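Q: Okay, handing you the structure first.
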Amino acid sequence: MTEIESLLELQELDAECLALETVLRELPIQKDIDELEDKLLTLRERLRNAHLELDRVRKEQKHGEWEAKDITETIDSLSQKLYGGAVTNPREIENMMNRLNKYKSTKNKLEDNVIELMERVETLESEINKDNLEITQKEAERDRLIDKCRSEMGEISSRLADIKKSKEKIRVNISDSSLKKYEQLLKDRGDRVVVPIKGNICGGCHVALPNSIIILAKPNNKITRCENCGRILCWRG
Ligand SMILES: [Zn+2]
254 MTEIESLLEL QELDAECLAL ETVLRELPIQ KDIDELEDKL LTLRERLRNA
304 HLELDRVRKE QKHGEWEAKD ITETIDSLSQ KLYGGAVTNP REIENMMNRL
354 NKYKSTKNKL EDNVIELMER VETLESEINK DNLEITQKEA ERDRLIDKCR
404 SEMGEISSRL ADIKKSKEKI RVNISDSSLK KYEQLLKDRG DRVVVPIKGN
454 ICGGCHVALP NSIIILAKPN NKITRCENCG RILCWRG
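Here's what the structure looks like:
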């Protein structure tokens, strides 16, 4: 393998390396995992709030039930007194009946409120169940993506290690000065730096090359560079 062929192969490997490193940095799957984590955070926060609300509503319901029970007892005892025949004073009877009606109206309101609270408890419980289910599903999806991400990263890392070994082998065929030039060019330009001569045109900057350069660049001749862009030229006869 000539030095220029080795340089071309090195360039191919460097390009693959760069592409893989970019993929590794920007694994789309990692974005999906981050998005899922964000959603899970929101869901867990919503679930926590729903539990707090459920506790509060249940306490309020209990309290309402006690109040309704108390007032029922009061109504019962007042009714017994009223209709038991012990009270005969008409004014007192009227007074007791007024109180009784007031208690009954309060009791109705309390019972209506308890029913509303019970319905709210049911709604909250169903929301909590839905959130729990969604959290379980999202966690499973996230775990599956994490596994996939790990395996993809593993594959890429192992390919990168292979490329590194191949690069070491190829570098042996290239002189130190050529390597230095190549690496400096790669650093400066960041893209292809070993380019073919197309007709008499530089494959990098598309400027016409003098014949003297083309002759030098022909196979087995020394490494030549374009005078315009500085790229290493490669003759493909
Ligand atoms: Zn050029």
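Per our numbering, residue 254 is the first one in the sequence shown, and the count goes up by one each step. Every residue gets a Cβ at the ideal spot worked out from N, C-alpha and C, and that includes glycine. All values reported here derive from a predicted model rather than from experimental measurement.
Which full runs of the alpha helix (DSSP H) of 4+ residues lie inside the segment 392-464, going along the chain?
A: Fully enclosed alpha helix (DSSP H) runs of 4 or longer: 429-442.
Q: Is the beta carbon of R445 less than 8 Å from the beta carbon of Q283?
A: Not closer than 8 Å, so no.
Q: Under a three-way DSSP split, which group does R309 fall into?
A: Of the three classes helix, strand and coil, the one that applies to R309 here is helix, per DSSP.
Q: Only counting runs of 3 or more residues, tell me where the beta strand (DSSP E) segments fall wholly within the segment 333-391, in order along the chain.
A: Here no run is fully enclosed.
Q: Could you name the residues of the same chain whose beta carbon sits closer than 8 Å to that of D267, not counting the 5 residues immediately before and after it, in chain order?
A: So the qualifying residues of the chain are K420, L439.
Q: Cutting at 6 Å between CB atoms, please list the residues of its own chain near L413, excluding the five before and the five after it.
A: Taken in chain order, the residues that qualify are L273.
Q: Looking at the unbroken beta strand (DSSP E) that takes in L261, where does it start and where does it end?
A: No beta strand (DSSP E) contains L261, which is instead part of the alpha helix (DSSP H) from 256-278.
Q: Would you be able to state if there are at least three C-beta pairs under 8 Å between the segment 288-304 and the segment 474-487?
A: Not touching, per the Cβ criterion.
Q: Counting along the chain, where does the beta strand (DSSP E) carrying C487 start and finish?
A: Unbroken beta strand (DSSP E) run through C487: 485-487.
Q: Leaving aside the five residues before and after I450 along the sequence, list all residues of the same chain whose C-beta is less than 8 Å from its C-beta, in chain order.
A: The answer, listed in chain order, is G456, L462, I467, A470, L486, C487, W488, R489.
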